[in-house]
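Visitor: Quick note: the sequence shown uses our numbering, first residue 685, plus one each step. We put the CB at the ideal spot given by N, CA and C, even for glycine. Quick caveat, the model's predicted, so the values are computed rather than measured.
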Amino acid sequence: MNHLLSIEELDRAAIERIVDRAERFAEVADREIKKVPTLRGRMVLNLFYESSTRTRSSFELAAKRLSADVVNFSAGGSSVEKGESLKDTVLTLSAHKPDVIVIRTPWVGAAELVSRWCSAAIVNAGDGKHEHPTQALLDVYTLRRRIGSLDGLSVWIVGDVTHSRVARSNIIALRKMGAKVTVAGPPTLIPRQIEALGCEVRYTLDDLHTADVVYALRMQNERMTEAWVPSLREYAAWYQVNGRRLRPRQLLMHPGPVNRGVELSGEVVDSPQSLISAQVEAGVVVRMAVLYELLSGARGETPSPLHPTRSPQPA
Ligand code: CP
685 MNHLLSIEEL
695 DRAAIERIVD
705 RAERFAEVAD
715 REIKKVPTLR
725 GRMVLNLFYE
735 SSTRTRSSFE
745 LAAKRLSADV
755 VNFSAGGSSV
765 EKGESLKDTV
775 LTLSAHKPDV
785 IVIRTPWVGA
795 AELVSRWCSA
805 AIVNAGDGKH
815 EHPTQALLDV
825 YTLRRRIGSL
835 DGLSVWIVGD
845 VTHSRVARSN
855 IIALRKMGAK
865 VTVAGPPTLI
875 PRQIEALGCE
885 VRYTLDDLHT
895 ADVVYALRMQ
905 NERMTEAWVP
915 SLREYAAWYQ
925 VNGRRLRPRQ
935 LLMHPGPVNR
945 GVELSGEVVD
955 SPQSLISAQV
965 EAGVVVRMAV
975 LYELLSGARG
985 ETPSPLHPTR
995 SPQPA
């Protein structure tokens with residue numbers, strides 16, 4: 685694996701390999717000293733043109749737990765504000781010779797473009813409404829840890845599918861893992877021909893009780909140029925996942941950040957059925973596994989998940 689630009693590039697075996705490795709890295713997270721020397725001397729550049737709490741912090745933590753050097757770049761406060769282009773920014777920061785560039789932008793295809801401009805391995809941490817492959821990997825990891833095999837699992841993805849890179853990456857990943865995926869939401873927020881990804885479409889939550897897992901999405905107001913629903917109050921009345929709609933046996937997921945009172949009621953966010961905190965926790969070990977895959981695994985240096993040449997030990 686040279687880059688991780690899209691979950692489409694990974695087959696089921698590759699997803700399972702990354703998730704298996706993440707499970708082994710979870711052991712590091714349980715140690716008193718949560719660090720291994722696996723990527724000592726390597727450099728990870730986090731290049732963020734959009735806001736992020738979970739993805740940016742977990743990539744930083746993942747790189748640090750593997751002993752890599754980390755440079756965090758945010759477009760705000762940088763020379764981007766003086767007009768420097770994405771390409772010139774990438775070429776400038778490439779002078780520091782990063783081994784991996786983790787990039788989030790509002791532009792579809794930006795990660796793929798960056799992969800043509802420099803020699804670093806590129807990880808797409810979200811490109812507009814296109815893809816967010818590491819979110820899909822951490823969601824597969826979270827579900828597998830909680831319930832085992834995903835074969836035959838019914839997952840309903842509810843809400844603003846049109847503007848959601850998480851929905852797209854998750855439909856693809858969950859289908860590859862054998863789950864049955866249904867997307868549900870108002871017709872304006874379900875893209876045409878989404879069925880081509882192998883999912884079913886519903887415009888009501890009447891059959892939500894059939895789901896094993898309910899995966900709610902945030903209303904992506906920052907990507908909306910017009911009113912896609914009459915009002916948030918009306919949206920919540922029809923599509924909010926709340927205590928009335930979520931059955932006790934069902935699991936609840938959300939990529940965050942949550943708009944409490946819109947797509948989810950506070951009671952379900954805080955309920956024992958919610959895997960939202962587990963998803964955040966999974967982010968670190970899954971991103972450790974992705975960095976490992978890009979910098980060590982793909983080169984076949986060693987079968988060890990924790991260090992290419994030595995036994996696992998605190999750095
Ligand atoms: N899920 C996710 O990408 O969250 P952040 O925007 O906080 O990184």
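Taking 6 Å as the cut-off, is the C-beta of glycine 940 nearer than that to any heavy atom in the ligand CP?
Guide: It does: the Cβ of glycine 940 is within 6 Å (strictly closer) of some heavy atom of the ligand CP.
Visitor: Among the residues of its own chain, which have a CB less than 8 Å from the CB of glycine 950, if the five just before and after it don't count?
Guide: Cβ within range, chain order: Arg944.
Visitor: I'd like the ranges of any beta strand (DSSP E) spanning at least 3 consecutive residues and lying wholly in the region 877-942.
Guide: Listed in chain order, they are 884-886, 897-900, 935-937.
Visitor: Could you compute how far the alpha carbon of glutamate 744 sits from the alpha carbon of isoleucine 855?
Guide: C-alpha separation (whole angstroms): 27 Å.
Visitor: Is the beta carbon of threonine 826 within less than 6 Å of some heavy atom of the ligand CP?
Guide: Because no heavy atom of the ligand CP lies under 6 Å away, the Cβ of threonine 826 does not count as near it: no.
Visitor: Check each candidate in Pro875, Ala698, Glu693 and name the one with the smallest Cα separation from alanine 851.
Guide: Of Pro875, Ala698, Glu693, the residue nearest in Cα terms is Pro875.
Visitor: Is the beta carbon of isoleucine 806 sitting closer than 7 Å to the one on alanine 795?
Guide: Contact: yes.
Visitor: Touch check for the region 694-702 and the region 750-758: three-plus C-beta pairs under 8 Å?
Guide: They do not touch, by the three-pair rule.
Visitor: Here's a check: name, in chain order, each residue in its chain whose Cβ is nearer than 7 Å to the Cβ of threonine 846, leaving out the five neighbours to either side.
Guide: The residues are Leu873, Ile874, Pro875.
Visitor: Identify every residue that forms a DSSP beta bridge with leucine 948.
Guide: Leucine 948 pairs with Val925, Arg944.
Visitor: How many angstroms separate the CA atom of phenylalanine 732 from the CA atom of leucine 901?
Guide: Between phenylalanine 732 and leucine 901, the C-alpha separation is close to 22 Å.
Visitor: Would you say the beta carbon of arginine 849 comes nearer than 6 Å to a heavy atom of the ligand CP?
Guide: No, Cβ of arginine 849 sits at least 6 Å from all heavy atoms of the ligand CP.
Visitor: Short check: CB of arginine 849 to CB of alanine 868, under 7 Å?
Guide: Their beta carbons are not under 7 Å apart, which means arginine 849 does not touch alanine 868 by this criterion.
Visitor: Could you give the distance in angstroms between the alpha-carbon of leucine 770 and the alpha-carbon of valine 720?
Guide: Their Cα atoms are separated by approximately 33 Å.
Visitor: For valine 703, which residues of its own chain have a beta-carbon under 8 Å away from its beta-carbon, when the five flanking residues on both sides are left out?
Guide: Taken in chain order, the residues that qualify are Leu821, Val824, Tyr825, Arg828, Val970, Ala973.
Visitor: Should threonine 866 be listed as close to the ligand CP, given that the test is whether its C-beta is under 6 Å from any heavy atom?
Guide: Not under cutoff, so the answer is no.
Visitor: How long is the line joining the alpha carbons of histidine 882 and serine 980, rounded to whole angstroms?
Guide: Here residue 882 is glycine; the residue named in the question, histidine, does not match the sequence. Spanning the two alpha carbons is a distance of roughly 33 Å.
Visitor: Whole angstroms is fine: what's the gap from valine 865's alpha carbon to phenylalanine 757's?
Guide: For valine 865 and phenylalanine 757, the distance between alpha carbons rounds to 36 Å.
Visitor: Smallest Cα separation from leucine 959: which of Thr818, Asn686, Gln934, Arg917?
Guide: Per the Cα distances, Gln934.
Visitor: Rounded to whole angstroms, what is the Cα-Cα separation between serine 690 and arginine 724?
Guide: If you take the alpha carbons of serine 690 and arginine 724, they lie about 27 Å apart.
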